[in-house]
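Here's the structure we're looking at; comments come further down.
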Amino acid sequence: MRISTQQIHQQAIGSMLDTSRQVATTQQQIASGRKFATPADDPVAASRIVGLNQELALRSQYQRNIQLANSQLSFEDAVLNQATEVLQRVRELALQGANGALGATDRNFIAKEIETRLDELFSIMNTRTATGEYLFAGFKGHTQPFVRDETNGVVFKGDEGQRRVQVTSSSQIAVNDSGKRLFMDVPSVATTFVARAHPANSRNADVTIGQGLVVDQAAVDAFFPDRLLVEFNANSADPQGRANFTVRRMSDGRVVDGLSNVAHVPGAAVRAQGMQFKLFGVPAEGDRFVIETTKTQNVVSTVAKLANGLANLTNSDADLQTLQGLIDASIGNLDKAMDSILTVRSEVGARLNTSDSSAILHQDVEIVTKDLLSQLRDVDYAEAVSRLNLQAFVLEAAQRSYGRVSGLSLFNAI
Amino acid sequence: MSSSLINIGISGLRAHQAALAATGHNITNANSQGYSRQRVEITPQIPQFLGSAYIGRGAQLESVTRVHSEFVTNQVRLDTAAFAEVEDFLSQIGQLDSLLADELTGLVPALQSFFGSLQAASSDPSSIPARQLVLSEVTGLTNRFNTMYDRLHAQQEGLRGLIATSADRVSELSQGIGRLNARIAESTGKGGAVANDLLDQRDELLRQLSEIVSVTVVAQNDGQVNVFVGRGQPLIIGGQIASLAATATGDITLVNSFDREAAVITESISGGQLGGLLKFQDGVLNQALNHLGRVAIAVSEAVNAVHRRGVTLDGVFGGDVFKGVNDPTLAYQRATPINLGGRPSGALFVGITDSSKLTASDYEIRFSLSGDGSFTLVRLSDAKVMTEGSTAQGFPVTVSGDGFRVTIEGGVFRGGDRYRIQPSLHGARDIARVLQNPRDLALSTPVRVETAIGNRGTGIAEPARVFDIDHPIFANRGQMSPPLLVHFTSATTYELLDNSDPAAPRSLVPPVRNQPYVPGIENLLLPGGTGGSRIAAEGGNVGRLPSAAQTVLGLAKAGNGYGSEVLTLSRIDAATGGVASTQNVVIAPNSSARQIASQLSGLSGVNATALTEMDITGIRDNGAGVPLSLVINGTRFAGADLSSLNALADAINGSDALTAAGVRASSDGTRIRLTSMQGDDLVLHVAGDTADGVDLRDVRGGALALNGAGFGQSAQAIGSVPRPAGYDFSTGGPYSFSLSVDGEPGANIALGANYGSGPALVAALQAAVDASSIGPGRVAVSMNGVGQVVLTSAASGSNGSIGIANADPGSPIALALGFSNRVVTGTDQNRTVSVGGSISVQLAANIRVGSSANTIGGNVFVQTPSVSRSDFGFQLRMTGRPEAGDRFAIDFNHSGVSDNRNALELVNLQSERLFGTDGTLFDAYSDLVEFVGSRTNQARIDRDASQGLLRQSIARRESLSGVNLDEEAANLIRFEQAYNASARVIAVARDTFDILFNLTR
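These protein sequence lines are chains A and B, in that order. Note that our numbering has the first sequence beginning at 50, numbered continuously upward. Note that our numbering has the second sequence beginning at -3, numbered continuously upward.
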């Protein structure tokens, strides 16, 4: 075949350029440690690398979440442990109080300690976390969950929210527990009741309702789960124009125990369906109070009632009998309160286990993913270096042969 | 003779001088572009005939030809175009590829930081610094999108410049080729010789042209060539030269030389630099921008949608985090006119409807050439016609594409007008943060559930999804209006109440009652999804008491007064809004609400519940004469049960039969609310003196005093047990009782056979009575409408009585007939009233109900029932086993600052399949990386392949037409020697002449 002079030069230069491009690519691979410089070198691997990097980032995010969940749960566990210890101590004190040989003064001392313990318990219930949120307030982290109330003992201002943290792509674990469940809705030995004012009550009137006590357990048990509604009527409904109220049951609005248009005497005990409560202050027409029967009793009431009894009951036979009943009930309720806390603590423990096992899973997957990433991305040095040697050799050969060939010309001879 | 030899020598000199010149020309042009080596053809001159022989006359220059093959030249042109195309494509896509290559500058780290900051905020939702960080990362993300857009856009701008330059260069080269065409035609005319160098020059220009665009060259007889681009669009026809131009949208127009009319030929351009650039522009760069824009739009839309459902630190719904994707300024920019030629553009609003369905393609609205206003929406990636529409009926006209909607709002549209629709092209440019205050980040959810303290069951209710924050229930800022109460009426049914007043929850309008709950599994308590509606039976007869005149005398069941009615159920076609199908439901007259509800619930998409209510507001008994008795749905109450409303209510609730039938009573001492939970008619029979009775009130406020009718003419004894299971009196029989009827002799009646049926028993009893001492015709035995056996005495008077004694309490007589030992006075002139119930119907989306009722306030349903939404904009999830009376209060999540549920929802977006089958945000981005990468990779392979082909065809051309200096050196020597030899011939001729000359001298 005929070859033109231009062709001889072009071919030689072309092949040298190709070879030097290969050398440069290999050199770049060795220098960067990466198999490829741009996605075009291996589009499928590049796309998988994006995915794997995302996977790694997600895993490390989950691990951070797990660390956070662990620290919060451990904190909660410690706080609950403290609460249990307080209740344990109160229980011991209750047992001491049951000793018939004690005098009123001795019991008073016990009552004093119980009150101190109650304060301690109260501050535990209002514990704040490191970020300044109330631990047991549910979602209302900036609202103090447990507020002492002159007449009601304790009011829960939080809610039942439970914050969750994502620990794997498909699972979340709760990192807090509502104080309502822990300290308020504690199953009680007997049916009790909770009284509260209707939120729509007139602001001007300052009528309040006291927490009261069960005076006829059988009647309350029979009435449960119905509720009572205390409603103030127009003053005109009373023959003497006094403030007066009617007590109805909520299920059908029927007046109970004939408590219709009862004249309001602030602080006087009202007795309905075995429950006794007191209304204070000056009511306005339409003010309402709801009395809910419940088989729960909050832990503060349990402790406060015990302290009250120990402080105030005398050594008369009747009082001693009441005291015995009170202490029995209190110990039962304290046990239930500790049970309630223990249930939550075991849940906290289970959550810690879940988060630990998730963390181990993440670590395992991380190792596998990194390995895969390295296989996809990192260069095989032995192979790359030997390839470079070969390519350099070919380039050198091309250069040397070009030198020889380019020197040949017939014009040299004529 | 010698003169001829001289001439021969001179001809050799001439010929070889020309050959030497040609060789020199070849040597000097060894490196000229497009040069074809030239060869001199030397031929012998025509010989001279000298009588006996032909004598040669020397050589002559036949022609100078270029060594050239049209086929090879054409091949080079084709391969040049192919190579230039991939080479330019590769150089462009390579830039894009390296932009996407860097893991650190890509989108992934920005997305990761964004979601990471959300995770951090979800762990501590009330922390302002954590929220601030989210905002900063949002900015980081939008900046990253913007930067990537800018870089792609810069490349696009550069590309537009290159395309314009290339188009200009095509025009320049065309001019040059045209000029050469003219010169070649001119020179070819002169005696058939061709100007080789002009041809070479033209071939070289044509080769250069094919570097820019693929052309077809057709040679003409006069030596000129015609050149076509694309699919036969004429670029050069003889001296007529068209030109190419680029538009602002990167399209190519061909301006022909006749009328300077511009036609868009972008689609038909292929090959060469221009082909490569256009292929990159339309096939890669626009797609990459669309791809990136799609990710940006999806992030904006998804984050905004979830965020708007959340609640901020200040207890209100969140706004947009990112600028809304359907902001008008953005929506109008998505449509660009292509070929209006300076006429004003129409107004086209392109809104995103579903970012998950967006594709990376561009679209076009193409108006029909007929000019009748009809148009098609075409997807450019596969030229598929998506929808058709027409502006003939006026504006606005809306057509839908893949996840977007084009609304043509107005303007002047001519036949053939085209608008490019690019829904996601600018997505990455337009993404911006609009949320300013970290407090406004909505990390919590709007719904809170409070479990009542008195609950006995283990049910746990929690808010699930909020799907429509525009629901009227959220209309008041930071409130739920009304707050709701889930009240379990049994362990398996619940009702939904308005809890605005927690002391007295009341029914919703229309009511939601009798909802089923399945214990043990997860239940959704509220209707899900939007679009469903709720209607109630609002007709004037619903729940109405008849007037006193309309009450029925006797024990027959009075009708509830509901007339016959035809309900028409229309199913609406969601796409067109028209009625797709209708279905009629015929309601028989006097159907109970329960029957109507079950008729309706049998239809798909309809769920109806029924409930019947009425009040008893008073019981009156004058104590004299006939005592008052009351039969409620077949159960009789008398005596102490009627002493007060409370006593009656307790007796009703104590009746097993009524409890089983779902009839409940609740009395507050002034009225009994009587309820049939299943919606059966409430049927009351009152017997007693005309002054005795009960006061009734219906739910509409209508009142009726239902009084006894006093004694009838006859005394009646009614068996209290209706419809015995069997009529077998034979086993252990016969059984007897004694009958004492006022004014008749006492008699003993015995029954002892198996009677098989009610009528047989009645006949046997009649026969026994007739055969007794009473005698025939005095006491009639019959069976009433409710299956009770009735004895009626013929004696008239106001105090007749029938006494039944000695019936064995355990006997079939007592059990089956209900006759026990008692005296029945003639109390049984009953007045009967029957009250029907109300029906509340839930309809699935796109179902409407109309009624045949044409008198307002006259029937069960009204003609066009008022419709309210059946959903509440959110969903509740409940598990566990509730008990009757358990309550869950649902309210707005006030001060829920530590709630992170919406933050978790936001975090979930990173693993949510926002692009459907295309996967998550990250998948979509890695798709882009892979798309560009694989196209680049493919282009490299193509480049190498077409480079190989080009080299081969160049080699063939070079091998044929190229100059080999060694060959030319040899030719130089060869021709020089021949020249020298020719000179020698002249010398010889001179010598011979000299010899002859000397001879003669």
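Glycine is no exception: its CB is placed at the ideal position from the N, C-alpha and C atoms.
Item checked: Coil, strand or helix - B:Met(-3) by DSSP -> On the second sequence, residue -3 of chain B is found 1 positions in, with the first residue counted as 1. Low local confidence applies: a pLDDT of 47 at B:Met(-3) is under 50, so the model's placement there is unreliable, and no value is given.
Check: Among residues of its own chain, excluding the 5 on either side of B:Glu609, which ones have a beta-carbon nearer than 6 Å to its beta-carbon?
Finding: For the purposes of this step, residue 609 of chain B is taken as the residue at position 613 of the second sequence. The answer, listed in chain order, is Thr671, Val695.
Notebook entry, point to check: Could one say the Cβ of A:Ile463 lies closer than 8 Å to chain B's Cβ atoms, at least one of them?
Noted result: Stepping through the first sequence from its first residue, residue 463 of chain A is reached at position 414. Chain B, which has a Cβ nearer than 8 Å to the Cβ of A:Ile463, makes this yes.
Notebook entry, point to check: Exposed or buried, which one is B:Glu963 when buried takes at least 16 other CB atoms within 10 Å?
Noted result: Start at 1 with the first residue of the second sequence, and residue 963 of chain B comes out as number 967. Per the 10 Å Cβ criterion, buried.
Next item on the list: List the DSSP bridge partners of A:Pro7.
Entry: Here chain A has residues from 50 to 463 only, and residue 7 of chain A is not among them.
Notebook entry, point to check: What three-state label does DSSP hand B:Met382 in the structure shown?
Noted result: Residue 382 of chain B sits at position 386 when you count from the first residue of the second sequence. B:Met382 falls in the strand class under three-state DSSP.
Checklist line | Status (buried if at least 16 other CB within 10 Å, exposed otherwise) for B:Glu518 | finding: Here residue 518 of chain B is taken as the residue at index 522 of the second sequence, counted from 1. Label assigned to B:Glu518: exposed.
Check: Excluding five sequence neighbours on each side, which residues of the same chain lie with their C-beta closer than 6 Å to the C-beta of B:Ala126?
Finding: As a first step, residue 126 of chain B is located in the second sequence; it is residue number 130 there, counting from the start. Answer for B:Ala126: Ala116, Ala117, Asp120, listed in chain order.
Item checked: Neighbour-count burial assignment, B:Ala645, 16 or more Cβ in a 10 Å radius -> Counted from its first residue, the second sequence places residue 645 of chain B at position 649. Flag for B:Ala645 reads buried.
Note to self: Strictly under 8 Å for the Cβ-Cβ distance: is B:Pro498 near chain A by that measure?
What the structure shows: Locating residue 498 of chain B in the second sequence gives position 502, where the first residue counts as 1. Interface residue, yes.
Check: Does the beta carbon of B:Arg452 sit closer than 8 Å to a beta carbon anywhere in chain A?
Finding: Position 456 of the second sequence holds residue 452 of chain B. Yes, its Cβ sits closer than 8 Å to a Cβ of chain A.
Checklist line | Cβ contact check for the stretch 427 to 446 of chain B and the stretch 885 to 898 of chain B: 3 or more pairs under 8 Å | finding: yes
Check: Since A:Asn418 and A:Leu101 are thought to touch, with beta carbons under 8 Å apart, how far apart are those beta carbons, to the nearest angstrom?
Finding: Within the first sequence, the letter at position 369 stands for residue 418 of chain A. Within the first sequence, the letter at position 52 stands for residue 101 of chain A. Residue identity check: residue 418 of chain A is Thr in the sequence provided, not Asn. That pair is a contact at about 5 Å.
Note to self: Taking CB distances under 8 Å as the criterion, tell me whether B:Leu961 reaches chain A.
What the structure shows: Sequence index remark: in the second sequence, residue 961 of chain B carries index 965 (1-based). Closer than 8 Å: yes.
Notebook entry, point to check: Can you list, in chain order, the residues of the stretch 25 to 38 of chain B whose Cβ is nearer than 7 Å to any Cβ on chain A?
Noted result: Answer in chain order: Ala26, Asn27.
Note to self: Less than 8 Å between the beta carbons of A:Leu422 and A:Ile79, yes or no?
What the structure shows: Here residue 422 of chain A refers to the residue found at position 373 of the first sequence. Here residue 79 of chain A refers to the residue found at position 30 of the first sequence. Cβ atoms of A:Leu422 and A:Ile79: not closer than 8 Å.
Checklist line | Cβ contact check for the stretch 159 to 171 of chain B and the stretch 227 to 245 of chain B: 3 or more pairs under 8 Å | finding: The stretch 159 to 171 of chain B makes contact with the stretch 227 to 245 of chain B; the number of CB pairs closer than 8 Å reaches 3 or more.
Margin query: Quick check on the burial criterion: 16 or more other C-beta atoms within 10 angstroms. Buried or exposed for A:Lys344?
Written below: As a working note, residue 344 of chain A is residue 295 in the first sequence. Per the 10 Å Cβ criterion, buried.
Check: Counting along the chain, where does the beta strand (DSSP E) carrying B:Ala241 start and finish?
Finding: For the purposes of this step, residue 241 of chain B is taken as the residue at position 245 of the second sequence. B:Ala241 -> beta strand (DSSP E) spans 239 to 242.
Checklist line | Interface flag, A:Asn148 vs chain B, CB-CB below 8 Å | finding: As a working mapping, residue 148 of chain A is identified with position 99 in the first sequence. Output row for A:Asn148: interface = no.
Item checked: Where A:Glu125 falls: helix, strand or coil (DSSP) -> One-based indexing of the first sequence puts residue 125 of chain A at position 76. In this structure, A:Glu125 counts as helix in the three-state DSSP scheme.
Margin query: With a threshold of 7 Å on Cβ separation, who are the neighbours of B:Ala584 within its own chain once the five nearest residues in sequence on each side are excluded?
Written below: Here residue 584 of chain B refers to the residue found at position 588 of the second sequence. So the list reads Ser560, once near-sequence residues are dropped.
Next item on the list: Consider the Cβ of A:Gly358: report whether some Cβ of chain C lies at a distance smaller than 8 Å.
Entry: Considering every chain present, this structure includes no chain C. Its protein chains are A and B.
Checklist line | For B:Phe725, three-class secondary structure by DSSP | finding: Walking along the second sequence from the start, residue 725 of chain B turns up at place 729. DSSP places B:Phe725 outside both helix and strand once states are collapsed to three, so it counts as coil.
Next item on the list: Helix, strand or coil for A:Lys385, going by three-state DSSP, please let me know.
Entry: On the first sequence, residue 385 of chain A is found 336 positions in, with the first residue counted as 1. Reduced to three states, the DSSP call for A:Lys385 is helix.
Notebook entry, point to check: Along the chain, where does the alpha helix (DSSP H) that runs through B:Arg401 open and close?
Noted result: On the second sequence, residue 401 of chain B is found 405 positions in, with the first residue counted as 1. Run containing B:Arg401: none in the alpha helix (DSSP H); it sits in the beta strand (DSSP E), 400 to 406.
Checklist line | Alpha-carbon spacing of A:Ser64 relative to A:Lys84, whole angstroms | finding: In the first sequence, the residue the question calls residue 64 of chain A occupies position 15. In the first sequence, the residue the question calls residue 84 of chain A occupies position 35. Distance between the alpha carbons of A:Ser64 and A:Lys84 is about 24 Å.
Checklist line | Within chain A, partners of B:Tyr921 - CB distance below 8 Å | finding: Position 925 of the second sequence, counting from 1, holds the residue named residue 921 of chain B. Neighbours of B:Tyr921 in chain A, taken as residues at a C-beta separation under 8 Å, are given in chain order as Val99.
Margin query: I'd like to know whether the C-beta atoms of B:Val209 and B:Arg953 end up nearer to each other than 8 Å.
Written below: Taking the first residue of the second sequence as 1, we reach residue 209 of chain B at position 213. Taking the first residue of the second sequence as 1, we reach residue 953 of chain B at position 957. Cβ atoms of B:Val209 and B:Arg953: not closer than 8 Å.
Next item on the list: Assign B:Gly684 to buried or exposed, taking buried as 16 or more other Cβ atoms, counted over all protein chains shown, within 10 Å of its Cβ.
Entry: Taking the second sequence and counting its residues from 1, the one referred to as residue 684 of chain B is at position 688. Its Cβ being crowded by 16 or more others within 10 Å, B:Gly684 is buried.
Checklist line | Closest Cα partner of B:Thr655 within the set B:Gly52, B:Glu81, B:Ser486, B:Leu365 | finding: Numbered from its first residue, the second sequence carries residue 655 of chain B at position 659. Out of B:Gly52, B:Glu81, B:Ser486, B:Leu365, B:Ser486 has the C-alpha closest to the C-alpha of B:Thr655.
Notebook entry, point to check: What in chain B is Cβ-close to A:Leu117, meaning under 8 Å?
Noted result: Along the first sequence, read from residue 1 onward, the residue named residue 117 of chain A stands at position 68. Around A:Leu117, the beta-carbon contacts reaching into chain B at under 8 Å are Ser119.
Next item on the list: Given a cut-off of 8 Å, decide if B:Asp196 and B:Ser32 are closer than it, judged by their beta-carbon atoms.
Entry: Taking the second sequence and counting its residues from 1, one reaches residue 32 of chain B at position 36. Taking the second sequence and counting its residues from 1, one reaches residue 196 of chain B at position 200. Result yes, Cβ atoms of B:Ser32 and B:Asp196 sit closer than 8 Å.
Item checked: Burial state of B:Thr76 (16 or more Cβ within 10 Å) -> For this step, residue 76 of chain B is matched to residue 80 along the second sequence. That one is buried.
Next item on the list: Could you check what DSSP says for B:Gly793 in three-state terms: helix, strand or coil?
Entry: For the purposes of this step, residue 793 of chain B is taken as the residue at position 797 of the second sequence. Confidence is the limiting factor: at B:Gly793 the pLDDT is only 45, short of 50, which leaves the residue's position unreliable, though a coordinate-based value still follows. B:Gly793 falls in the coil class under three-state DSSP.
Next item on the list: Would you check if the stretch 27 to 44 of chain B and the stretch 86 to 97 of chain B touch, i.e. whether three or more CB-CB distances between them fall below 8 Å?
Entry: no
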